[in-house]
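Enquirer: Take the sequence shown: its letter number 332 is residue 336 in our numbering, and every next letter is one higher. This structure is in structure tokens; I'll ask about it shortly.
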Amino acid sequence: MFETLKAQPADKILALMQLYRDDPRETKVDLGVGVYKDATGLTPVMRAVKAAEHKLWETQDSKVYTGLAGDPAFADAMFTMLLGDAVPRNTTAAAATPGGTGACRQAFEMIQMARPDARVFVSDPTWPNHLSILKYLNIEVVPYRYFDEETRGVDFDGMIADLKTAKKGDVVLLHGCCHNPTGANLNAAEWDAVIEVLLQTGATPMIDIAYQGFGDGLEADAAATRKVAAAVPECLIAASCSKNFGIYRERTGLLMVVAADTSALTLNQGTLAFLNRQNYSFPPDHGARLVTMILNDDALRADWMAELEEVRNTMLGLRTALASELQKLSGSDRFGFLAQHRGMFSRLGTTPDKVEALRDKHGIYMVGDSRMNIAGLNAESVPILARAIIDVGI
Ligand code: PMP
């Protein structure tokens with residue numbers, strides 16, 4: 005029966021990882037897959053996560069099912085971390101999901117259930133999995149201008165002009181912080197203008213926030229999400245704990261649906277539980293439990309926040325080092341955007357043949373659209389990358 009299947013496109017990043025592994029050069033640099041790596045190339049288990057796991061092993065006396073929406077304590081802890089007091093807790097439905105990907109998937113399904121002909125506006129470019137899931141679900145995608153190839157910042161005028169074409173019943177997908185794949189982000193005044201357009205058009209925002217704490221700090225990175233949630237009548241928020249807790253494989257995420265008042269809560273909460281039931285029943289619990297333990301314990305939380313700050317500052321340090329090395333080599337400020345970008349990624353803004361030249365000639369592996377994982381660098385590889393960028397004529 006399965007001979008009718010068509011081959012699916014291979015994941016480009018995973019294929020790149022294989023090429024990297026097969027490259028015998030000692031100076032090769034992996035800037036491909038989006039995981040945090042320390043100076044030795046390791047993606048460590050965070051200290052607070054280890055401590056929470058230890059405590060859990062000692063104290064957990066049952067692994068019986070939780071609830072269809074996961075443990076409410078996880079939703080409460082995440083709600084507080086993400087939204088603070090921006091909106092009341094009793095207007096917000098929430099369900100644990102397998103990672104941020106699961107949260108996005110459930111959000112898209114909920115949109116489709118509510119409005120079968122909804123269009124989803126996505127930044128050009130966006131995380132490729134947004135596009136692939138939307139396509140799989142047959143949801144119409146409308147790209148909005150986002151990245152300015154010239155400045156490597158946000159094409160703000162283009163973005164606003166495109167968002168103005170959205171209407172009630174459409175969804176505008178926004179990255180809460182640390183835009184993937186570009187690293188270019190809106191400033192506070194620009195977020196205000198986006199909110200203005202959302203209110204004018206009546207389109208519903210969906211915020212994907214997968215890197216809280218990786219940009220300007222845990223609170224600062226949540227500021228835009230809070231502002232949007234407080235301003236609009238309804239919004240969806242898909243959050244991932246993969247990066248900021250370093251628990252990638254535990255598949256830990258949360259989908260929140262903020263409503264204007266408490267009357268929509270029961271319907272929204274019931275829908276989230278229903279969607280979980282249809283797709284995988286109870287969501288994974290281990291990572292969610294660790295996150296809850298960390299966020300609700302003063303000592304664990306303080307240690308986690310300290311380590312997250314180390315991670316964030318390491319990436320910022322690498323950004324400044326790379327920008328200044330390139331400033332020296334090129335004698336120009338045209339790479340200053342690297343220090344302005346935030347999060348794990350920066351889009352270099354070059355052509356696929358130059359990305360290929362970086363790989364073939366210099367053993368530097370980045371995604372074909374010139375997205376670099378900044379955390380793939382260290383003190384030794386920064387000058388190697390800078391020289392290679394100049395050498396291939398970027
Ligand atoms: N959204 C964005 C923008 C991402 O970059 C990622 C991670 N690559 C995710 C969501 C989801 O990550 P995960 O499913 O691993 O939690």
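Even glycine gets a Cβ: it sits at the ideal position worked out from N, Cα and C. Just so it is clear, the structure is predicted and the values come from calculations on it, not from any experiment.
#1: Enumerate in chain order the residues of its own chain whose CB-to-CB distance from Met309 is below 7 Å, with the five nearest sequence positions on each side excluded.
#2: Any idea what DSSP makes of Val261, helix, strand or coil?
#3: Can you give the beta carbon distance from Glu254 to Pro288, rounded, assuming they're within the 8 Å contact cut?
#4: Is the separation between the beta-carbon of Gln2 and that of Ala122 shorter than 8 Å?
#5: Put Leu240 into one of helix, strand or coil per three-state DSSP.
#6: Hey, is Asp34 close to the ligand PMP, as in C-beta under 7 Å from one of its heavy atoms?
#7: How is Asn272 classed by DSSP in three states: helix, strand or coil?
#8: Can you look up Met210 in the DSSP assignment and give me helix, strand or coil?
#9: Does the distance from the CB of Leu312 to the CB of Arg305 come in under 8 Å?
#10: Just how far apart, CA to CA, sit Met260 and Ile211?
#11: Using 7 Å as the cut-off, classify the Cβ of Asn189 as near or not near the heavy atoms of the ligand PMP, replying yes or no.
#12: For the ligand PMP, is there a heavy atom less than 7 Å away from the beta-carbon of Ala73?
#13: Do Ile388 and Leu333 have their C-beta atoms within less than 8 Å of each other?
#14: Could you check where the beta strand (DSSP E) with Asp395 kicks off and where it finishes?
#15: Given the structure, does Asp212 come close to the ligand PMP, in the sense that its CB is under 7 Å from one of the ligand's heavy atoms?
#16: Would you say the beta carbon of Asn377 comes nearer than 7 Å to a heavy atom of the ligand MN?
#17: Which of helix, strand or coil does DSSP assign to Thr105?
#18: In angstroms, rounded to a whole number, what distance separates the CA positions of His179 and Pro120?
#19: Gly187 and Arg346 look like a contact to me (Cβ under 8 Å); what is the Cβ gap, rounded to whole Å?
#20: Please go through the segment 124–204 and give each complete beta strand (DSSP E) segment of 3 or more residues, from N-terminal end onward.
#21: What would DSSP say about Ile115, mapped onto helix, strand or coil?
#22: Distance check for Thr354 and Glu153, CA to CA, integer angstroms please.
#23: Could you spell out the range, first to last residue, of the beta strand (DSSP E) harbouring Arg351?
#24: How would you label Val49, buried or exposed, when you count the other beta carbons within 10 angstroms and need 16 or more for buried?
#25: Is DSSP giving Asn300 helix, strand or coil here?
#26: Using only the heavy atoms of the ligand PMP, determine whether one of them is closer than 7 Å to the beta carbon of Cys108.
#27: Sort out for me which residues DSSP pairs Asp89 with in a bridge.
#28: For Asn398, name the three-state secondary structure that DSSP assigns.
#29: Would Thr296 pass as a contact of Asp75 if the rule is Cβ separation under 8 Å?
#30: Ser350 and Met319: beta carbons closer than 8 Å?
#31: Less than 8 Å between the beta carbons of Leu167 and Val124, yes or no?
#32: Apart from the five residues on each side of it in sequence, which residues of its chain come closer than 7 Å, Cβ to Cβ, to Met21?
#33: Counting C-beta neighbours from all protein chains within 10 Å, is the total for Lys139 16 or more, i.e. buried, or is it exposed?
Expert: Inspection of the coordinates gives the following:
#1: Excluding sequence neighbours, Met309 sits near Leu222.
#2: Three-state result, Val261: strand.
#3: 7 Å
#4: No answer is possible for residue 2: it lies beyond the span of the chain, which begins at 5 and ends at 398.
#5: strand
#6: No, Cβ of Asp34 sits at least 7 Å from all heavy atoms of the ligand PMP.
#7: helix
#8: strand
#9: no
#10: 10 Å
#11: no
#12: Relative to the ligand PMP, the beta carbon of Ala73 is positioned no closer than 7 Å to any heavy atom.
#13: Against a cut-off of 8 Å, the Cβ pair of Leu333 and Ile388 comes out as no contact.
#14: Here Asp395 belongs to no beta strand (DSSP E); instead the alpha helix (DSSP H) covers Ser385 to Asp395.
#15: The closest heavy atom of the ligand PMP lies less than 7 Å from the beta carbon of Asp212.
#16: No copy of the ligand MN appears in this structure; the ligands present are the ligand PMP.
#17: helix
#18: 23 Å
#19: 6 Å
#20: 144–149 and 175–179
#21: Three-state result, Ile115: helix.
#22: Whole-angstrom Cα-Cα distance: 9 Å.
#23: In the DSSP assignment, Arg351 falls within the unbroken beta strand (DSSP E) covering Phe349 to Arg351.
#24: So Val49 ends up on the exposed side.
#25: Note: Asn300 maps to coil in three-state DSSP.
#26: yes
#27: DSSP, once it has assigned bridges, lists no residue as partnering Asp89.
#28: It is Ile, not Asn, that sits at residue 398 in the sequence shown. Three-state DSSP puts Ile398 in coil, outside helix and strand.
#29: yes
#30: no
#31: No, the Cβ-Cβ distance between Leu167 and Val124 is not below 8 Å.
#32: Gly36 and Val37
#33: exposed
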